[in-house]
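Heads up, the thing below is written out as structure tokens.
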Amino acid sequence: VCWRLLLCVLAVAALSCWLLQPLSVAVCGSAPLGSSRGPRIVGGQDAAAGAWPWQVSLHQGGHFCGGSLISHQWVLSAAHCFPSTVTANLMVYLGRLTQQSSNPNEESRRVSRVITHPDYNDQTKDNDVALLQLQEAVTFTDYIRPVCLAAAGSDFPAGQSSWITGWGDVRFQGPLPFPQTLQEAEIPVVSNSQCSTSYDSITSNMICAGLTEGGRDTCQGDSGGPMVSNDGTRWVQSGIVSFGFECARPGYPGVYARVSRYQDWISKQLGADPLGFVTFRGSPSAAPHWAAGSVLPALCCLLVLF
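The sequence shown lines up with residues -16 to -1, 1 to 290 when you count with mature numbering (1 follows the signal peptide of the UniProt record, and there is no 0).
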């Protein structure tokens, strides 16, 4: 009798803790309809409906950048996507799979406010982070859910398996063909020290990822979209698509804003809206690593993945 009572008490306590945690923590990073990911891919492949329910498409006369849903009323994106914070005709599409065919699980929202990081540097792309407040809150579904965000102190070591998604070009200056289905690709994290051999502007506010031989990367139109890793139970966003040299070039990884550096700033902007910050402790996977000793000259001319 005693042990049964103890089990009941523990079960009630566990349920209470789950119910009391912020809503976004309870549901963030889950993709109920996500199919199992395949092994190595070349370039990108079509994503399944609902596979990445936090991915959003930003429109102002057409798709121009990506973003990620982080709560009922906020989207995370890149500052360089917004040379102006005027919200006229700015739309966010959630639950979207294709850009040129019907999307039965889609919702759209107007944007009431765009906040770019006050320390964003347009030359170096440091602090390339922006927040969009939706005019109306969204209801979470299997196709529309928030992603978890990497909390301060999270660790994404070199080789950490990561996934990138977006509707950008499938090669440098090569648009995504009809019906423009959301693309997904797996890439490993590259250490900042190694990344600095390819670019001369890498800071601790950035995280890099890609293959030594190239072939998989984000490109124009993917800016502001998420890079995520799985901790075994949920997906955690480590980066925001920022810049690179052309697309998928050998020796030049993609560069992303490091989400964990902005926990305080994001939390301050959102106030009482619940968030899903998770401390990620990664480990290098079997994904190909960046080749050690592959030193390349630093570049001053960069491609912003707008």
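Think of the CB as a built atom: it goes at the ideal place given N, C-alpha and C, for glycine as much as any other residue. Please read all numbers here as calculations on a predicted model, not as lab measurements.
Considering only C-alpha positions, which residue in the set Val98, Cys12, Val225 and Glu90 is nearest to Gln253? Val98
So who's on the other strand from Phe261, going by DSSP bridges? Leu133
Go ahead and label residue 291 buried or exposed: buried means 16 or more other beta carbons lie within 10 angstroms of its beta carbon, across all protein chains shown. This structure cannot settle anything about residue 291, because the visible part of the chain is limited to -16 through 290.
Would you mind working out which of Phe140, Ala193, Gln84 and Asp126 sits nearest Pro237, comparing C-alpha positions? Ala193
For Asp126, collect the residues of the same chain with a Cβ closer than 6 Å to its Cβ; drop the 5 residues on either side in sequence, then sort them by chain order. Pro16, Leu17 and Gly34
Would you call the region 177 to 190 and the region 151 to 162 touching, i.e. three or more CB-CB distances under 8 Å? no
Which residues in the same chain have their Cβ closer than 7 Å to the Cβ of Gly266, if we skip the five residues on either side of it in sequence? Asp139, Phe140, Pro141, Gln144 and Ser213
Please state the DSSP three-state secondary structure of Ile128. coil
Which residues in the same chain as Lys109 place their Cβ atom closer than 6 Å to its Cβ, once the five residues preceding and following it in sequence are excluded? Ser226 and Phe227
In the DSSP assignment, what residue or residues form a beta bridge with Arg242? Gly223
Should Pro268 and Gln39 be called a contact, given that it needs their Cβ atoms to be closer than 8 Å? no
Need the endpoints of the alpha helix (DSSP H) that Gln247 sits in, please. Gln247 to Leu254
Residue burial classification, Thr123 (beta-carbon count within 10 angstroms, cutoff 16): exposed
In terms of alpha-carbon separation, which member of Tyr104, His101, Leu81 and Tyr77 lies closest to Val95? Tyr77
Using the Cα positions of Pro67 and Arg200, report the straight-line distance between them to the nearest angstrom. 28 Å
Using the DSSP secondary-structure output, state which residues sit across from Asn214 in a beta bridge. Trp219
Do Gly208 and Cys49 come within 8 Å of each other at the CB atom, strictly closer than that value? yes
Other residues of its chain near Asn105: CB distance less than 8 Å, five sequence neighbours each side excluded: Asn111
When burial is assigned at 16 or more other CB atoms within 10 Å of the CB, is Pro234 buried or exposed? exposed
Whole angstroms are fine: how far does the CA of Gly205 sit from the CA of Gly27? 15 Å
Leaving out the 5 sequence neighbours to the left and right, which residues in its chain are closer than 6 Å to His101 when beta-carbon positions are compared? Ala63, Asn111 and Val113
Gln221: which of Ser146, Ala31 and Val174 sits nearest, CA to CA? Ser146
Pair within 8 Å by beta-carbon distance, Ile148 and Thr202: yes
Same chain, Cβ closer than 7 Å to Gln107, five either side skipped, listed in chain order: none
Grab the span of the alpha helix (DSSP H) containing Gln178 for me, first residue to last. Asn176 to Cys179
Quick check on Cys49: does DSSP put it in helix, strand or coil? strand
From the DSSP output, in three-state form, read off Leu17 for me. coil
Buried versus exposed call for Ala256 [16 or more other C-beta atoms within 10 Å across all chains shown]: exposed
Below 8 Å CB to CB, which residues in the same chain sit around Pro6 once its five sequence neighbours on both sides are set aside? Any answer about Pro6 is weak, because its pLDDT of 49 lies below 50 and its placement is not dependable; what the coordinates show is given next. Excluding positions up to five away in sequence, the list reads Pro258, Leu259 and Gly260.
Once DSSP output is grouped into helix, strand and coil, what is the label at Ala32? coil
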